[in-house]
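J.:
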Amino acid sequence: MHLEERIKTHRRKKINYHLANVLGFILLPIIAIVIAPLLHEALHMFFLDINNTQYSMEINFDWENGIYGELTPFSELSVGNSIILLGVGTLGNLILSAIFFIGSWRIRNTGRIPESIFSVYLAVGFFYNPLIYFFSQRGDLVNILMLMGLGEFFYVLPIIGCILFLPVSLYIYKHARYALWEYCRIDEEIERLEQFLGLD
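Printed below as a string of structure tokens:
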């Protein structure tokens, strides 16, 4: 009976792996295309709100840019505040993505691999939005360089984007390999126990 309970426990773990991947796969594009862009714009508005600056905001969508906002402050901002305003959306999503990546690593170290997998999907979803700004020829990051009088250095942005993308890709690869190894180990354990009990 003890061995049969172990088989059931392992089967539940396999189901959790599948659920984590299915739910994560569904949520990833929703986060990347809808939630992260809306959070990006909300952070712009939050910064203006805490600075008591009146503004108008229009949320738009097209197939080239996805969801994006057109924000117009009604009063002049200092260069410093303009830079913060432009950068807060990208920075906010990067920080949230980093929290989910770090969370996935810490959760994995406790042995809860399905939860860790799900956290990676969330992290990638929030990482996508800021990443595209590093490879765009217009947008918040380019505008920050222009405000700083560094417009001719826009070529640095894709380099920074690659520097961010490479360790993230390496982490995802190593995490996926580890998760797959754990999944196969569970599968082998179920097969071994079933053979021992003569259930196969």
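Residue numbers 0 to 199, in numbering that gives the first Met the number 0, belong to the letters of the sequence shown in order. Cβ atoms here follow ideal geometry from the backbone N, Cα and C, with glycine treated the same way. Owing to the predicted nature of the structure, the values given are computational and were not obtained by experimental measurement.
If you draw a straight line from the C-alpha of Met-0 to the C-alpha of Ile-6, how long is it?
T.: Note on Met-0: pLDDT 45, under 50, position unreliable in the model; the coordinate value appears next. Approximately 10 Å between the Cα atoms of the pair.
J.: If you draw a straight line from the C-alpha of Ile-143 to the C-alpha of Ser-77, how long is it?
T.: The straight-line gap from Cα to Cα measures roughly 13 Å.
J.: Report the three-state DSSP secondary structure of Asn-59 (helix, strand or coil).
T.: In this structure, Asn-59 counts as strand in the three-state DSSP scheme.
J.: Considering only their Cβ atoms, is the gap separating Asp-48 from Gly-86 smaller than 8 Å?
T.: Going by C-beta atoms, Gly-86 is not nearer than 8 Å to Asp-48.
J.: DSSP three-state call for Glu-151: helix, strand or coil?
T.: Correct three-state label for Glu-151: helix.
J.: Can you tell me which of Ile-106, Ile-82, Leu-26 and Tyr-16 puts its alpha carbon nearest to the alpha carbon of Phe-46?
T.: The shortest C-alpha separation from Phe-46 is found at Ile-82.
J.: Check the C-beta distance from Asn-92 over to Ala-35 and give it rounded, since I have them as a contact under 8 Å.
T.: With a Cβ gap of about 5 Å, Asn-92 and Ala-35 count as contacting.
J.: Looking at the secondary structure, which residues open and close the beta strand (DSSP E) in which Thr-52 lies?
T.: No beta strand (DSSP E) holds Thr-52; DSSP gives it neither H nor E.
J.: Going by beta-carbon coordinates alone, are Ile-32 and Ile-58 separated by less than 8 Å?
T.: No.
J.: Taking 8 Å as the threshold (C-beta atoms), are Ile-30 and Phe-125 in contact?
T.: Yes; because the gap between Cβ atoms is below 8 Å, this pair is in contact.
J.: Using only the alpha-carbon positions, how far apart do Ala-97 and Leu-37 sit?
T.: Computed Cα separation, rounded: 18 Å.
J.: Could you name the residues of the same chain whose beta carbon sits closer than 8 Å to that of Met-44, not counting the 5 residues immediately before and after it, in chain order?
T.: Answer for Met-44: Tyr-54, Met-56 and Leu-70, listed in chain order.
J.: Would you decide whether Val-21 is buried or exposed? Buried here means 16 or more other CB atoms lie within 10 Å of its CB.
T.: Per the 10 Å Cβ criterion, exposed.
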